[in-house]
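In the numbering used here, the protein residues as written are 712 to 961.
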């Protein structure tokens, strides 16, 4: 008899996290590594102190592996971009690379920050000019062209598809969106099938700071089967505080 693992357990120790992140970089032959570390009340790293401790652990192991490591502490209060799940996140990335009106501004800004920081790590770089260089590469279409070349080298590009099942979660009352629970959102996306089902997940339709009316869509669930959609929806409806709205006039 054989044991078949259906789904991995949803937890990471600090040691597992450090080993997982850095072993992949070392195996790929990287020499310079930039780690983005979102910090927020419902992110994996919840405080500045925890970020400092994890950063020290990463730096120590990276040094032992001969990696030149830099850390980028970022805002982890809410997800970046609109999509959560492989295909939905890919659509966000493509929108940024294609410079469309629908491109999530926060994802574009984060990508430029990280790309600029990484370019600044190059031995012959003029420090502080990396972000401007990244912006030029994006605006000129060079970043999109390089992405397509990478896809071609790996067998060709295919436009991400859409899930067969969708349903919108609507605001129970009017108000301002003040908080997003990253962990609950991730859990809902996982119950919908992501990342195992590539087109499953969540598409956020409102961002922190947005004012919404009663009945306005807040996010959209995507799943490949009615059962997975119902499973994710049942969990979403059983939770309070997935997305927090200030009390407004209904």
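Where is the CB? At the ideal position from N, CA and C, for every residue including glycine.
Please report the residue range of the beta strand (DSSP E) in which residue i lies.
| i | result |
| --- | --- |
| residue 931 | 928–934 |
| residue 951 | Unbroken run through residue 951: none, as it is neither H nor E. |
| residue 811 | No beta strand (DSSP E) contains residue 811, which DSSP labels as neither H nor E. |
| residue 877 | 876–881 |
Quick one, are the C-beta atoms of residue i and residue j less than 8 Å apart?
| i | j | result |
| --- | --- | --- |
| residue 929 | residue 940 | no |
| residue 784 | residue 769 | no |
| residue 765 | residue 737 | no |
| residue 885 | residue 796 | no |
| residue 896 | residue 946 | no |
| residue 956 | residue 887 | yes |
| residue 815 | residue 786 | no |
| residue 825 | residue 855 | no |
| residue 875 | residue 935 | yes |
| residue 791 | residue 821 | yes |
| residue 839 | residue 850 | no |
| residue 926 | residue 882 | yes |
| residue 903 | residue 943 | yes |
| residue 873 | residue 907 | no |
| residue 733 | residue 776 | yes |
| residue 889 | residue 919 | yes |
Roughly how far, in whole angstroms, is the beta-carbon of residue i from the beta-carbon of residue j, given that I think they are within contact range, below 8 Å?
| i | j | result |
| --- | --- | --- |
| residue 780 | residue 773 | 4 Å |
| residue 823 | residue 806 | Wrong, their Cβ atoms sit about 14 Å apart, outside the cutoff. |
| residue 891 | residue 954 | 6 Å |
| residue 842 | residue 852 | About 18 Å; that fails the 8 Å criterion. |
| residue 753 | residue 914 | Incorrect: roughly 19 Å between the Cβ atoms, too far for contact. |
| residue 803 | residue 793 | 6 Å |
So does residue i have its beta carbon nearer than 7 Å to some heavy atom of the ligand COA?
| i | result |
| --- | --- |
| residue 772 | Within the structure as shown, the ligand COA is missing, as the structure has no ligands at all. |
How would you write the range of the alpha helix (DSSP H) that residue i sits in, first residue to last?
| i | result |
| --- | --- |
| residue 913 | Where residue 913 is concerned, there is no enclosing alpha helix (DSSP H), although the beta strand (DSSP E) it sits in stretches over 912–915. |
| residue 855 | 853–864 |
| residue 732 | 725–738 |
| residue 850 | 841–850 |
List the DSSP bridge partners of residue i.
| i | result |
| --- | --- |
| residue 891 | 954 |
| residue 794 | 914 |
| residue 886 | 923 |
Margin query: Quick check on the DSSP output: what are the complete alpha helix (DSSP H) runs of length 4 or more inside the segment 740–787, in order along the chain?
Written below: 759–776
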